[in-house]
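Everything below concerns the one structure shown next.
This is the structure we're talking about:
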């Protein structure tokens with residue numbers, strides 16, 4: 125019987141480059157968090173002062189960006205924190221817990237926005253389009269600056285790319301508020317404001333639901349998106365010398381950090397080293413960075429489960 129634990133390593137030079145890259149990304153994220161967070165507060169104040177539900181709705185959208193940026197920053201910090209005897213995986217799953225909290229808060233805000241929109245359709249308050257337009261234009265500028273800051277790290281990190289795309293989406297929301305302010309000024313139809321608020325809400329809610337769904341999937345140790353469990357099993361079973369694959373589990377500790385454990389029952393005389401090496405190659409092709417594989421001459425594991433094709437949670 126043999127075990128093998130594999131996790132990717134890096135040379136000292138690459139480690140130094142990665143460290144400097146993380147430091148640069150930290151600065152980019154802090155700048156973006158400061159800009160976006162400050163302006164989110166300004167939009168909330170502007171929404172109440174100028175009676176614009178569209179501004180409040182865009183502020184809720186901006187909240188998703190602030191939380192996404194904070195989560196991205198936390199992910200970098202957590203990557204520095206070593207595992208200990210109490211938390212052998214470290215604190216990397218905190219990113220997922222933060223995402224769940226973010227989604228719950230956004231659902232509550234979205235319900236408030238939709239309720240306010242319903243109230244304003246029948247009795248629309250006077251919207252101060254001048255102030256609404258000024259705030260929206262400033263928001264557009266802030267988003268463009270944040271996009272510029274984050275763009276430098278978006279090509280080298282999926283974490284940074286996700287943050288960049290969040291700010292890009294919010295830039296579109298600011299454009300929507302600018303258009304609404306102009307239309308209200310020209311047409312004198314105040315209902316345009318709650319209509320846009322509802323549209324922004326419907327833009328945010330599916331993203332929020334997706335975030336919550338993906339977060340719970342990780343917390344429930346679900347198979348990571350893009351990994352076909354049956355295909356992994358069949359490829360492991362096809363390795364020369366392997367009789368059976370059992371106790372196969374694939375999960376992620378946090379987004380993008382996939383793990384695998386498996387028991388391989390092998391034929392007498394099979395080259396265990398070659399089988400282990402091939403098993404890790406297969407895991408790597410599916411984006412699994414950490415694999416623990418046990419090679420057995422006799423069956424030791426539990427009964428082999430029958431996988432359902434529908435693994436969607």
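Residue numbers (the working numbering): 125 to 437. Positions of the beta carbon are idealized from the N, C-alpha and C atoms, including for glycine.
- Sixteen is the threshold: since fewer than 16 other Cβ atoms of the shown chains lie within 10 Å of the Cβ of residue 391, the residue is exposed.
- Positions of the beta strand (DSSP E) runs, each at least 3 residues long and wholly inside the stretch 346-389, are given as 366-378 in order along the chain.
- By the C-beta density criterion, residue 225 is exposed, having fewer than 16 other C-beta atoms within 10 angstroms.
- Residue 182 is positioned such that its CB atom lies closer than 8 angstroms to that of residue 263.
- One alpha carbon belongs to residue 202, the other to residue 245, and they sit about 46 angstroms apart.
- Secondary structure note for residue 220: its alpha helix (DSSP H) is the uninterrupted segment 218-246.
- With a beta-carbon spacing of about 11 angstroms, residue 313 and residue 253 fall beyond the 8 angstroms limit used to define contacts.
- With fewer than 16 other beta carbons inside 10 angstroms of its own, residue 165 counts as exposed.
- The C-alpha of residue 315 lies about 14 angstroms from the C-alpha of residue 324.
- CA-to-CA, the gap between residue 311 and residue 332 works out to about 33 angstroms.
- Runs of the beta strand (DSSP E) lying entirely within the stretch 294-321, each at least 3 residues long, are absent.
- Within the same chain, 389 come within 8 angstroms of residue 422 by CB-CB distance, once the 5 residues on both sides are set aside.
- By the Cβ neighbour-count rule, residue 350 is exposed, with fewer than 16 other Cβ atoms within 10 Å of its own.
- Straight-line measurement puts the Cα of residue 218 at about 19 angstroms from the Cα of residue 347.
- With a cutoff of 8 angstroms on beta-carbon distance, residue 177 and residue 321 are scored as near each other.
- Contact check for residue 187 against residue 230 passes: the beta carbons are separated by less than 8 angstroms.
- Judged by DSSP in its simplified three-state form, residue 201 adopts helix.
- For residue 415, the enclosing beta strand (DSSP E) has its first and last residue at 412-420.
- By the criterion of a C-beta distance shorter than 8 angstroms, residue 160 is surrounded in its chain by 186, 189, 190, 193, 266, 267, 270, 291, 294, once the five residues flanking it on both sides are discounted.
- The shortest CA-to-CA distance from residue 249 to any of 318, 195, 208 is the one to 318.
- Per the C-alpha coordinates, the member of 238, 305, 340, 355 positioned closest to residue 378 is 340.
- Between residue 420 and residue 375 the beta-carbon gap is near 22 angstroms, outside 8 angstroms, which marks them as no contact.
- For the 8 angstroms CB-CB criterion, residue 273 and residue 170 do not form a contact.
- If you look at residue 400, you'll find it in the alpha helix (DSSP H) that goes 396-409.
- Between residue 213 and residue 412, the alpha-carbon positions lie close to 16 angstroms from each other.
- Of all alpha-carbon atoms in 343, 373, 342, the one lying nearest the alpha-carbon of residue 357 is that of 373.
- Secondary structure of residue 330 (DSSP, three-state): helix.
- In this structure, the CA atom of residue 306 is about 22 angstroms from the CA atom of residue 242.
- Between the C-alpha atoms of residue 175 and residue 297 there is a straight-line separation of about 18 angstroms.
- Residue 210 sits in coil when the DSSP states are folded into three classes, being neither helix nor strand.
- Assignment of residue 252 by DSSP, reduced to helix, strand and coil, places it in the coil class.
- Distance from the CA atom of residue 329 to the CA atom of residue 251, rounded to whole angstroms, is 25 angstroms.
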